[in-house]
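Per our numbering, residue 996 is the first one in the sequence shown, and the count goes up by one each step.
Cβ coordinates follow ideal geometry from the N, Cα and C atoms, glycine included.
First up is the structure itself, then whatever we jot down about it.
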Amino acid sequence: MKPQLILASKSERRVKLLTRAGIKFRQIVANTNEDTLLKRPSAIVKELSLRKAMAVAKKYPHLPVLGSDTLVFRKGEILGKPKNIKEAIAMLKFQNGNWQSVYSGIALVWLDKNIYLKDYDMSECKARKLGSQELRYFAAKHMDKAGGYAIQDTDDVFIEKIKGRFDTIVGLPINLVRKYIKRIEKCTK
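Following this line, the structure appears as structure tokens:
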């Protein structure tokens, strides 16, 4: 019998990605502090993913828990979720017409089995050059998204090109999730 996976996230985007991939799970929001002293994007997303997974795994040690985190990186600057509309506009202006890297980390923790897995994927995307009014529109619309945009929304035209995996940019590299699920399934045989 497969153990029920828990997604430690409030992200609707991650829920949709897992559902489309046919992965059965239940969602429990992880309440964690996302402050970090780490500087490398790959290290940050892995660490925050692990924190989220651990926060929920402590309450459900008998089940595997998946945590994830995403950030945008451009010219040495890390862009997470904007704190306010002014910051969202500044983020979008900074990315406007330029390439940036999107890092998505995952961590799978199953305390009862002593399993702690974490990894990340990186994709690149190029923002379309938009005018001030369009930037303000997107800034107001995507305050809860890393970098201030949502490539998966059909009406979000901010990103014009991608290199790499679409699901990584959305916030959950399904290839890594599948790899880890296969590993934990071996523990239940």
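Pairwise C-alpha distance: R1131 and G1100
29 angstroms
Just checking, does the region 1058-1078 make contact with the region 1037-1044 on the three C-beta pairs under 8 angstroms criterion?
yes
If I1179 sits next to L1103, beta carbons under 8 angstroms apart, how far is it from one beta carbon to the other, in whole angstroms?
7 angstroms
Go to R1015, then tell me how far its alpha helix (DSSP H) extends in each direction, as first and last residue.
E1007 to R1015
Should the region 1070-1081 be called in touch with the region 998-1012, which here means at least 3 C-beta pairs below 8 angstroms?
no
With a threshold of 16 other CB atoms inside 10 Å of the CB of R1173, please say whether the residue is buried or exposed.
exposed
Name the two residues that bound the continuous alpha helix (DSSP H) containing L1087.
Where L1087 is concerned, the enclosing alpha helix (DSSP H) stretches over I1080 to Q1090.
Return the Cβ separation of A1108 and C1182 in integer angstroms, given the expectation that the two are a contact with Cβ distance under 8 angstroms.
Per the sequence shown, residue 1108 should be read as Lys rather than Ala. Confirmed, Cβ separation roughly 5 angstroms.
Return the CA-CA distance between R1097 and Y1055, expressed in angstroms with no decimal places.
Before going further, note that residue 1097 is Val rather than Arg in the sequence given. When the Cα atoms are used, V1097 and Y1055 turn out to be separated by approximately 30 angstroms.
Under 7 angstroms between the Cβ atoms of C1120 and I1084?
no
Measure the Cβ-Cβ separation of V1051 and V1060 and say whether it is below 7 angstroms.
yes
Beta-carbon proximity check, A1185 vs Q1090, cutoff 7 angstroms:
No answer is possible for residue 1185: the residues shown for the chain start at 996 and end at 1184.
Work out the CA separation of G1166 and L1058 for me, nearest whole Å.
22 angstroms
Can you tell which of K1034, I1176 and E1007 has its C-alpha closest to the C-alpha of V1024?
E1007
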